[in-house]
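Take a look at the structure set out below.
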Amino acid sequence: MTRPSTLAKTTPPSCEDVVARERLFELLDQKRRAPVVWVDGPPGSGKTTLLASYVAARGMTALWYQIDRGDSDLASFYYVLADAPRAETKATDESPDERGVATGLPLFTSEYHADAPAFARSFFQALFDQLGASFALVLDNYHELTPRSGVHEALREAAQMLPPGCNLIVGSRGPPPPALVRMRANRQVELIGWADLKLSPDESGSIASRWHPSLDLTMLARLYQVTEGWAAALVLTLEQQMADGLWLTAPSGAPEDLQDDLPDDLGIAAKPQLVFDYLAGELLDGLPEPLTDLLLKTAFLPDITAPMAGELTGIVQASELLAQLHRTNQLISVKRGSDGARYQCHPLLQEFLRQRARAVLGETNCQALQRASANLLEAENRITEAAALYAEIGDLESVQDLVISHAATVLAQGRAETVEAWIGLLPGAAQLLHEAWQPDQVVAQRWPYSPWSIFWLATCRLQRAPGDARRLYELALAAFELRQPDDRRGRLLTCSAAMDAIIYELDDLSQLERWIAVVDSELERDPHIDDAETRARLSVSMLIALVFRRPQAASIASWAERALLETQSIDDTNVRMSAQLLVAINLNYTGQFSRVRRFIDELQAMCERPHVSPLVLTTLKAVESMYFMLTADHERCSRAVEAGIEIGRHSGVHVWSFHLLSNGVAGALGAGDLAAADELLLKMGEFAASARRLDRAGLHYFQAWRAALDGRTELALEAQQRALSLSSEVGCPFYEALCRVAMADLMAGVGDRRAVFRHLRLARRIMRPVQNKWFEFMGFMVFASICEQLGRRRLMMLALRHALAIGRELGFRHFLWWQPAHVSRLCAVALTEGLERDFVCELIQQRRLAPPPMPPSDWPWPIRVRTLGGFQIERDGETLRVNRAQKPMLLLQLLIAMGGRDVPEQALAAALWPNVDASYARNSLNTNLSRLRKLLGDDQVVSITGGLIQLDTKRCWVDSLALTEVFERVDGLLGAGPVEDLSGWNRLEAAAARIGDLYQGAFLAGSGLDLAVVEARREALRDALIVSVLGLAAEIERSGNVDQACALLRRGLIVEPLAEPICIALVELLLRHGRARAAAGPLRDHVRALRSAGVQARSALMDALYARVIEQTDLIRE
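Quick note, the sequence shown lines up with residues 2 to 1119 if you use the working numbering.
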């Protein structure tokens, strides 16, 4: 139900007995072609009456808003609009009943403050949808707003969103604010000023004749000459002259100021209060005593109902007298709503009546009336007006009581400025922060009011100035301890809010230690807390304080359970969601993903309820995005991030925007989606100017991660050092440990071993007491990679074995600082050494890790194609039965023969369809490419970009392409000069073994493809094999491992028995090492192979070599 305070502000005055000003109605009709009509005139110029009568006369659907100074608080402005009744019918002069209340409009609570324009757009869109197709939003008394009020910017957003045929109509004593300058320049604001508002002689005469039909033209002309078109002066002059029985005599005793130095454009309206006071005094002196008594005793109420008037004055006939005053006085308007008739004096008249009441009734009686008036206003929940009256009479205890009773409710509506204004009525409130340099106890002792007033002042500043709020909470705690030592609830809530302020600020988390200690001490003395809300808020605050500051605390789990349990019993959805988010974050970063999944299901069910706030929705997306990021589901992580950011953009709720972007960046970097990561990092950078220090540390961390993936080590080190410095200064152990692990990895890349182990040692010191399995998995994986880079194989194997065991047990698939190339190499080692094979294969497949150079043969490619020694396709471990003569298979074979990468579409089509039209060949190629993808079960395994065809070797392994990479690697190793170190020898031996595994025979042997491109590929591979085998054998022989060199050469002859250079190299090696008898075997085998191939004659080199062997042994005989 709409509150009385809202009804008083949003019900237009009745237009009974109002003379229609058709001249201005027509002008308003013309001006309404622009979206905004601004009516600017001095007090008493008839603005309110004009707008109310125009809306009624035109039968417009309108939302009326009478602004007062309290509406300068933007949250209060939205609160009234959200609570206002909606007109279901067009405006009329009839008394409106309650026409329904606003539904679905959000309050401007703290989560929206970061993006007030976005909130304004969302709010007014919803409001305008409710108002219908054609309406007017009428804002009266706009001049009451302070120049710095956020309403001005909100008004601009509203004006720019008005649908066609709808208007914003403003009544004010001044021009439009600077926020509307651009709209004025674009002619979207039309002005109606004093020159238009001034009564014309005809309008003046019509009003006078309505009241006094007997007035002749001379009297009407004299009346206009005296009042100069000022409506208020006209009304008062008519009433005063009628009361005196005189008509337009020169006013005797009038102040000289009424006649001197008046501007030509305003006349007597230039000094409205002075003129008004004189005329009103003349009028009041002529009224009957009951009416005078009623007006004076109700002067301190902003508006009056009959029950309120009766209670204040004791006049039984208050209702009849109020009605009489309205009928006989145009300066007393009436608003008729569901709570009855409310009468309101014109502001000029009300100010006059208050001054007269003080003069006539005396100070003591006036104070009693003000106190009684304030009580009535408080009963109607009009707290701001009540507090102002209490403060005016010095009743500061009542002001304090109002704050204590109503602050929580009003703050929940987002109206922090309003509550702060109440507290500002207490002398000394503004000086509290200026005395921050003094000890808490000294300041608290000087504060004569309740500690709760300091607490609520701090809470007003919690979101917009958390540093100020924290200092005020310190003072509040001191005040509670000094003045109200028995108020345990006050102390605990102060501790809770102080920890929240420190977390909001994220500037110095070491400050949490004091508050954690205070809470621990309180609960040690008495663990029982009576108040449910205190238990709930304290449990949430303690949980986040411990997670950020003491991640090693054993009590985190119990506080998490307590937070979930206690928040279920309170009405504040935001607190419940905060608890669930915090618990979910803790569970995510400790790897308890199954419990997080249940949380997500519960949150999703909660979000299916009607009227769920954007904060709740973005909280859900924050939990989802973190969960999907850490479980390596990049696609769903991206969707959650995009949804959360879009909700924030539309609603203005950016509480979780930085967190969402962080999760998105981490997911994109881990998935290798660097373009998406770059875009998200740019968005994070947009928040950097207003970001908190720990948030900036996160941004630098991700910038370093991004640079590291590109190999920009220097840039990565600079960014990571900034992240480490900030996280250390802020005092967040978990962030510091993350940064140190990343720094260790970067330092390994530049070979600074001392720095590597220093950072690792410090990270371990921080996290060892935490017992965090997810961090342990990450740390050991990164440590294994570091050891691999530094050649510390034994340590690498220990770390890798431990990390993979944790990953397999808990299902970990991702961690921060994920480096795909590093993880890929570790997975290759694990497969080679037989470590957690099933888990490693799952990890490779789920993360789509690209194989490292020379991966092991059991690397789990989804598709494997063998072309050496034959042709075979495997998909997911199963051999496909295919007819290799089919066009899709021929296409694949030729694509591989042409290198598999950057193969011109035209060349491949011409090879497959040499004797047909090029267009037909290209269409046939596209058709068969589709068929090939279908056969392979992967739509992305073969792609065409810019006329070039690519076979995705991350999805499809081909032995001949893998062998080519090995040959290239061998060429690089041998071309770098003699190998001297152990790791170099290890790489050579691995390459030799890999060649032996891969080369199982000639390229596409037995395929029957008699094509030049196939034969060229076959010869190229054979030649590369010979070169690599010879080079490797020579280097291995140089190391002294003759047997291994011989074994490599023998393996080469097995797969290529006609390779004469390999045979010669093997025989010469054996001869050099005195193994002439062993040399006879390779020669004999080679001769037999030649004969089998139909070659009868040996080469001259072979003949010479054959002779040398005969010289050294007589074992060879024909």
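The beta carbon of each residue, even a glycine, is placed where N, CA and C say it ideally should be. Just so we're clear, the structure is a prediction, and the values are computed from it rather than from any experiment.
**Asked** If you follow the beta strand (DSSP E) that TRP958 is part of, which residue opens it and which one closes it?
**Response** 957 to 959
**Request:** Grab me the residues of SER374's own chain with a C-beta within less than 7 Å of its C-beta, minus the 5 sequence neighbours each way, in chain order.
**Result:** PHE301, LEU302, LEU313, LEU390
**Message:** How far does the alpha helix (DSSP H) with GLY947 in it extend, from its first residue to its last?
**Reply:** It is not in any alpha helix (DSSP H) - GLY947 carries neither H nor E in the DSSP assignment.
**Prompt:** Near GLN371, what residues of its chain come up, given a Cβ to Cβ distance below 7 Å and the 5 sequence neighbours on each side ignored?
**Reply:** PHE301, LEU390, GLU393, ILE394
**Prompt:** When DSSP builds the beta bridges, which residues end up paired with THR905?
**Reply:** Looking at the sequence shown, residue 905 is not Thr but Pro. DSSP, once it has assigned bridges, lists LEU949 as partnering PRO905.
**Item:** Stretch-stretch touch, CB-based, cutoff 8 Å, three pairs: the region 756 to 774 with the region 836 to 849
**Value:** no
**Item:** Beta-carbon contacts of ILE740 that lie in its chain and below 7 Å, excluding the five residues immediately before and after
**Value:** Contrary to the premise, residue 740 reads as Cys rather than Ile in this sequence. Once the five neighbours on either side are set aside, the close Cβ partners of CYS740 are TYR702, GLN721, ALA724, LEU725, SER728.
**Prompt:** Between which two residues does the beta strand (DSSP E) carrying CYS788 extend?
**Reply:** Unbroken run through CYS788 is the alpha helix (DSSP H), 774 to 791; no beta strand (DSSP E).
**Item:** When ALA558, CYS16, TRP65, LEU198 are compared against GLY47, the one with the closest alpha-carbon
**Value:** LEU198
**Message:** If the criterion is Cβ atoms closer than 8 Å, does the pair LEU583 and ARG550 meet it?
**Reply:** no
**Asked** So, helix, strand or coil for LYS199, using DSSP?
**Response** coil
**Request:** Would you please state the rounded distance, in angstroms, between the beta carbons of ILE1027 and ALA1060? I believe it to be under 8 Å.
**Result:** 5 Å
**Message:** Can you tell me where the beta strand (DSSP E) holding GLY172 begins and where it ends?
**Reply:** 168 to 173
**Request:** Can you tell me which of the three DSSP states GLY997 falls into?
**Result:** helix
**Request:** Express the C-alpha separation of VAL666 and LYS774 in angstroms, rounding to a whole number.
**Result:** 23 Å
**Message:** Quick check on this structure: which residue in ARG795, VAL548, ALA623 has the alpha carbon closest to the alpha carbon of PHE735?
**Reply:** VAL548
**Asked** So what does DSSP say about GLY1075, is it helix, strand or coil?
**Response** coil
**Message:** My output table needs one value for TYR344: the three-state DSSP class, helix, strand or coil.
**Reply:** strand
**Prompt:** In the DSSP assignment, what are the bridge partners of ARG490?
**Reply:** Paired residue(s): none; ARG490 is not in a bridge.
**Prompt:** Going by beta carbon distance, what residues of the same chain come within less than 7 Å of LYS32, once the five residues before and after it are set aside?
**Reply:** VAL38, GLU191, ILE193
**Message:** Quick check: what's the CA-CA separation for ALA409 versus CYS608?
**Reply:** 25 Å
**Request:** Can you check the region 673 to 703 for any alpha helix (DSSP H) of at least 4 residues that lies completely inside it and give the ranges in chain order?
**Result:** 675 to 688
**Prompt:** Exposed or buried, what is THR49 when buried is set at 16 or more other beta-carbons lying within 10 Å of its beta-carbon?
**Reply:** buried
**Item:** Residue nearest to GLY151 in terms of C-alpha spacing, selected from ILE170, ASP130, LEU292, TYR113
**Value:** TYR113
**Message:** Check whether the region 52 to 66 and the region 211 to 229 touch, using three or more Cβ-Cβ pairs below 8 Å as the test.
**Reply:** no
**Request:** Within 10 angstroms of the Cβ of ASN187, are there 16 or more other Cβ atoms? Answer buried if so, exposed if not.
**Result:** exposed
**Message:** Do TRP65 and THR11 count as a contact pair if the criterion is CB distance below 8 Å?
**Reply:** yes
**Prompt:** Are the region 664 to 682 and the region 698 to 713 touching, with three or more C-beta to C-beta distances below 8 Å?
**Reply:** yes
**Item:** Coil, strand or helix - TYR391 by DSSP
**Value:** helix
**Asked** At a cut of 8 Å, does the region 1035 to 1044 reach the region 997 to 1006 through at least three beta carbon pairs?
**Response** no
**Message:** Taking the beta carbon of HIS407 as the centre, do at least 16 other beta carbons fall within 10 Å, making it buried, or is it exposed?
**Reply:** buried
**Request:** Taking all protein chains shown into account, decide if ASP304 is buried (16 or more other Cβ within 10 angstroms of its Cβ) or exposed.
**Result:** buried
**Asked** Among all the DSSP beta bridges, which residues are the ones paired with ALA137?
**Response** ALA63, ASN168
**Prompt:** CB-CB under 7 Å to CYS367, same chain, minus the five flanking residues each way: which ones, in chain order?
**Reply:** ALA358, ARG359
**Message:** The beta strand (DSSP E) that contains VAL656, what's its start and end?
**Reply:** Neither: VAL656 is in no beta strand (DSSP E) and is coded neither H nor E.
**Asked** Hey, out of ARG809, ASP696, ALA499, VAL959, whose CA is closest to MET782's CA?
**Response** ARG809
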